[in-house]
Every structure is written in structure tokens, then in C-alpha cells.
Amino acid sequence: MTAFMPRADCEVAVIGAGPFGLAAASALKAAGVDTLTFGGAMSFWRDNMPRGMRLRSPWHATYIGHTKGPLSLDSYAKVLGISSSEPLRLENFVDYGLWIQAQAVPDLDKRRVGRVEKANGGFRLALADGDAVKARRVVVATGLMNQQLIPVAFDGIPRELVSHASEHTGYEAFRGKRVAVIGRGQSACESAVLLKRSGAEVDLICHGDIHWLGYRALSGKQSWSLRDFLSERLASPSRVGPFPISWLVEIPGFVHRFPEPARAGLNRRSLGAGATGWLKPDFDGIKVRAGSRIVSAFAKGNAIELRFEKDTATFDHVLLGTGYRIDVAKLGLFAPDMLATIARRDGLPVLSAGFESSIPGLHFVGASAVGSFGPLMRFTAGTPFAARTVARFIQSDKSRNYAAA
Ligand SMILES: Cc1cc2nc3c(=O)[nH]c(=O)nc-3n(C[C@H](O)[C@H](O)[C@H](O)COP(=O)(O)OP(=O)(O)OC[C@H]3O[C@@H](n4cnc5c(N)ncnc54)[C@H](O)[C@@H]3O)c2cc1C
Numbered sequence: 003m004t005a006f007m008p009r010a011d012c013e014v015a016v017i018g019a020g021p022f023g024l025a026a027a028s029a030l031k032a033a034g035v036d037t038l039t040f041g042g043a044m045s046f047w048r049d050n051m052p053r054g055m056r057l058r059s060p061w062h063a064t065y066i067g068h069t070k071g072p073l074s075l076d077s078y079a080k081v082l083g084i085s086s087s088e089p090l091r092l093e094n095f096v097d098y099g100l101w102i103q104a105q106a107v108p109d110l111d112k113r114r115v116g117r118v119e120k121a122n123g124g125f126r127l128a129l130a131d132g133d134a135v136k137a138r139r140v141v142v143a144t145g146l147m148n149q150q151l152i153p154v155a156f157d158g159i160p161r162e163l164v165s166h167a168s169e170h171t172g173y174e175a176f177r178g179k180r181v182a183v184i185g186r187g188q189s190a191c192e193s194a195v196l197l198k199r200s201g202a203e204v205d206l207i208c209h210g211d212i213h214w215l216g217y218r219a220l221s222g223k224q225s226w227s228l229r230d231f232l233s234e235r236l237a238s239p240s241r242v243g244p245f246p247i248s249w250l251v252e253i254p255g256f257v258h259r260f261p262e263p264a265r266a267g268l269n270r271r272s273l274g275a276g277a278t279g280w281l282k283p284d285f286d287g288i289k290v291r292a293g294s295r296i297v298s299a300f301a302k303g304n305a306i307e308l309r310f311e312k313d314t315a316t317f318d319h320v321l322l323g324t325g326y327r328i329d330v331a332k333l334g335l336f337a338p339d340m341l342a343t344i345a346r347r348d349g350l351p352v353l354s355a356g357f358e359s360s361i362p363g364l365h366f367v368g369a370s371a372v373g374s375f376g377p378l379m380r381f382t383a384g385t386p387f388a389a390r391t392v393a394r395f396i397q398s399d400k401s402r403n404y405a406a407a
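Okay, so the sequence shown: first residue is 3 according to our numbering, each after it adds one.
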């Protein structure tokens, strides 16, 4: 096993060691590209998601770059002695990520990157501890870090009264408390269930009805349509997006060639709020206030008052399951002058077929690539395509440079 040795330069620096960063680093190394990877392995999954959570993605579309073979989830399940039964538990997925890291990226540098600057035809990475590393190329795989969406109504409310779901790894502290969960996506609905299980009294507050995903039997739907039947029988492997466009989502290289409005439409339709049907039986005892619009919020002593259009309600705490809005400016990695030269649309970098931004040598994978490659980039199911594509692009560019030299 290669031990970690701090280094001063490399061909490619990968920033982030979540599923996309580990997958990209693993593919680059396998392609013989000198690669250094930075960040805590699976740290977002370890530090920003609640214990007891289960993955919404189906087992057979949960990847960290490897769909089959010795580094696949199936192989790891054999090592662990667990069955491929769904839903996959958070801790098993984290362990899988750590296992991939130990095998495929053993030289991971766990330090945080504070700044990326252009330097001498490449890049200079300033690390949080004061060291610096030079790289010819950079792959940014920082995921949802710093991208939390906080509705303006909660500006200025003390942290003890309102928090984002990503700030919690457990809800034991809320036993006996009245908690309002805002949102109706997977994170909001699963947090509501876990809060209830921890002994909190939970209201789920959302704009409209919860859209239960998958498994009609669990969705509680009484009616039956040909569309329902087809959705179940012909479901796409990753189940991202509504049938039948879910099948387009599975081909990110094709989605990349769509005209921009068509890709934006695909993203809008596929990334709407929804919660997996297997959560529904656990909703007993959770008060769902669908159609409630929060007008304002006020701190009142140790409580928080929410004003709706027609009434008010008071809670001990508000948990925001309001999701994320990706904007690379919020990463804090780039100085304003460098940021200004990254072509962006709605905060997302415009990427070439090789995941390269308008700054040559600067690549983005994962959630930042949704604007160019579609909804699969928000899920681990997108890791094999992103990793393979980036590695091929960088390897062939390297070969071209050697041939030209
Ligand atoms: C509650 C919740 C549940 C989810 N469930 C699923 C699911 O079931 N299936 C699914 O496919 N997806 C799910 N997702 C989406 C999931 O976040 C992505 O699929 C996946 O994490 C993307 O991987 P990533 O590597 O891009 O990002 P992340 O997993 O967020 O990893 C980013 C990494 O970058 C590192 N990093 C960030 N900034 C720096 C820096 N400056 N320097 C060094 N390192 C840095 C972090 O430490 C982290 O390790 C869920 C998301 C949430 C919030």
C-alpha cells in the first residue's frame, strides 16, 4: 500500500474525495496519469447526513466509478457479508467509499484546498495549512459543499432556532421538541421520519403534496394507469426523472449535445422534489401541512414563530430540508478575477465534452456538471461516465502533447 507523502506538484489535482472525486482519481490513476487527490474521504456523507439514513438510489445504480468488477458495490457487499437488499444504509455506503479510497486512491491527501489560482500554464493550489501544490490540470469534485439553499425568510434567525438538514448527523437532541421541517424532497421527508423516531413532534411544511417516487404499492395510490404500469416495468436503472425521459437522463454524453433550453427542461423535470415510497409508511404521526407558504419567521425567546398566509404556528426549531442550489462562486475556491473568466450559466460552469471549463485545464464533475451533462451528475450513478470521460480526455491530451514535443 502506498503511504501518504506530501508532494509539491502533479499532473492532475482532484479536489474532493466523495464519490465523484474518488471515481475520477481512480480512473485517472488507472490510465497512468499522475494524480493527487485532496479532501476528506466521503466526508460529506460522514459529516453532513443523518445516521439512520438510507440511500434513495437503487442498489444497482449506486456506483463509485465501478459498475462491476473487484471494486464494485457488489464485490464490496461480499467482503462485508451483506446482501444487496435495498435500501442501502448510509454507513454501508460510507464504508464502501472508504474501501474504494484505500484500494484505488491510497495516497489521498486529506487536506482542504483553500484557493486555486492560475500559474505558469497550470494551476497553484493553496492548501488550508499554508502549503501549496502545482498541477497542470485540476478536477473540481467538491459536491454540495457550501451550496445549501436557505430561504430569505430565515435570514438573521439565531442558529439554535433554525438549521439546514446538512448540519446534522443525528436528531437525538430534538427529543420532546416541536420541530417544523421545511421541504418535500427526500432529505426533508427522511429527516422528518428520523426526527419523529428520535422523539420529536414533527410538522412537515411544504408548498404542495409530497410526490412519492417509485413502487406504486407503497405510494398509496388507488387509481391505476397505463403510465403507472410502464413507469414500473420500464423504469430506468437509476430512476432519476419521470418515465420516459428518465431514459434520456441515463445518457449524459447525449444530453451534453442537447440545445441548452432542452437540457434545462430535462433538469427541471428530473430534479424536482420527490421522496421514495418506502418512507411513506413511516409518516404516521407526522403532520403534513401541504400548500403552506411561509410569509415570515420570527425568533420569540426560545422559540420560532412561522407566519403563513392565513395563520401562525410556533416551534422549538425549524429544520430546512430545502436542498441545494449549485453556484461555483459559492465554493470560495477561486479569486474574483479567475471566477470572472469561467463561463457560467445560472452559476454552473459551461463544460466541454471532456468536462473542461472555459479555462483550459480546469474541469468540474458532479453537481457542478448538471448544467452541461444533465441530472445524472447529481447522483452516484453518474460517476462511471464522468470518471471515464475525464480520464480519457486528459490521457489523450497528454498523448497529443508528447507527440507534439
Ligand atoms: C441527504 C442526501 C441524500 C442523498 N442520497 C443520495 C442517494 O441515495 N443516491 C445518490 O446517488 N445521491 C444521493 N445524494 C446526492 C449526493 O450528494 C451525490 O450523489 C454525491 O455525494 C455526489 O458526490 P460528489 O463526490 O460530487 O460530492 P460529495 O459527496 O459532496 O463529496 C465532495 C467532497 O469534496 C470535498 N471538498 C469540498 N470542498 C473541498 C476543498 N475545498 N478542498 C478539499 N476537499 C473538498 C469534501 O470533503 C467531500 O469529500 C444525496 C444527497 C443528500 C444531501
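Cβ coordinates follow ideal geometry from the N, Cα and C atoms, glycine included.
Within the model, the alpha-carbon separation for glutamine 149 versus aspartate 49 is close to 15 Å. Within the same chain, Gly67, Ala389, Arg390, Val392, Ala393 come within 8 Å of alanine 29 by CB-CB distance, once the 5 residues on both sides are set aside. Remark: C-beta atoms of alanine 19 and threonine 39 approach each other more closely than 8 Å. Per DSSP, the beta-bridge partners of leucine 206 are Val183, Val290. Secondary-structure assignment with DSSP links lysine 198 through no beta bridge to anything. Note on geometry: alpha-carbon atoms of arginine 346 and valine 352 lie some 5 Å from one another. Excluding sequence positions up to five before and after valine 164, its CB lies within less than 6 Å of the CB of Phe156, Val320, all in the same chain and listed in chain order. Just measuring C-alpha positions, the residue of Leu250, Glu203, Met147, Leu75 sitting nearest proline 60 is Leu75. Between threonine 324 and isoleucine 159, the gap from beta carbon to beta carbon reaches 8 Å or more. Under the DSSP assignment, aspartate 76 falls in the alpha helix (DSSP H) whose first and last residues are 75-82.
Between the region 327-334 and the region 96-112, the count of Cβ pairs shorter than 8 Å is below three; the stretches do not touch.
If you look at valine 142, you'll find it in the beta strand (DSSP E) that goes 134-142. Shortest gap from the CB of proline 239 to any heavy atom of ligand 1: 7 Å or more. Proximity of the region 296-306 to the region 260-268 falls short of the contact definition, fewer than three beta-carbon pairs being nearer than 8 Å.
For leucine 268, the enclosing alpha helix (DSSP H) has its first and last residue at 262-272.
Selection Lys198, Ser354, Ala301 evaluated against aspartate 284 yields Lys198 as nearest (Cα-Cα). DSSP, read as helix, strand or coil, puts alanine 19 in coil. DSSP places arginine 48 in the uninterrupted alpha helix (DSSP H) bounded by 45-49.
Close CB contacts of aspartate 329 within its chain, under the 6 Å cut and outside five residues either way in sequence, are with Gly349 (chain order). Residue side-chain check: serine 168 places its Cβ nearer than 7 Å to a non-hydrogen atom of ligand 1. For serine 189, the closest C-alpha among the options Leu250, Leu206, Pro21 is that of Leu206.
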